[in-house]
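Residue numbering for the sequence shown follows the UniProt record's numbering, beginning at 1 and increasing consecutively.
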Amino acid sequence: MIKLSSIITEFESSYKRKYSPLPSHLAALNAMKICRTSASPQLFAQCTDCDNHTFLPHSCGHRNCPNCQAHESQLWIENQLKRQIPANYFLVTFTIPKELRDIAWKNQTCHQQMDC
């Protein structure tokens, strides 16, 4: 089975050269690269019955990591559904013109707030 960490390790440098990712994207990549590997912090686990013990790698806990966020994502969705008001919702999307995409990509916070 292919792990995401091996894909990140293999293609990380070419991805960085080609796309110049934002610091937040680099942080996500770094977290997912070590998620549940020997490079991540280790948890000491010991059986109370037989005293056998082992070290287990921590998950990264990053919200975009597919290895460790499925359960948390489901809990978040359930919580959001509980908070949902009884009304119809509409999602409005639009395509940014090609000439503005580079600016929007490099200024995502400003662009997403749409108040600048």
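The beta-carbon is built from N, C-alpha and C at its ideal position, and this holds for glycine as well.
Backbone secondary structure at residue i - three-state DSSP
i           : result
residue 37  : coil
residue 3   : coil
residue 116 : Residue placement at residue 116 is flagged as unreliable, the pLDDT there being 48, under the threshold of 50; the coordinate-derived value follows with that caveat. Three-state result, residue 116: coil.
Local Cβ density within 10 Å of residue i, reported as buried at 16 or more and exposed below that
i           : result
residue 100 : exposed
residue 31  : buried
residue 14  : exposed
residue 73  : exposed
residue 16  : exposed
residue 81  : exposed
residue 38  : exposed
residue 29  : buried
residue 98  : exposed
residue 5   : buried
residue 65  : buried
Any non-hydrogen atom of the ligand ATP closer than 6 Å to residue i Cβ
i          : result
residue 75 : With respect to small molecules bound, the structure shown includes none, and the ligand ATP cannot be examined in it.
Residues near residue i in its chain [Cβ-Cβ closer than 8 Å; skip 5 each side]
i          : result
residue 79 : none
Own chain partners of residue i with C-beta closer than 7 Å, once the 5 adjacent residues on each side are dropped
i          : result
residue 57 : 36, 37, 38, 40, 42
Completely contained alpha helix (DSSP H) runs for the UniProt domain "Transposase zinc-binding" (7-96), where each covers 4 or more residues: 23-34, 70-83
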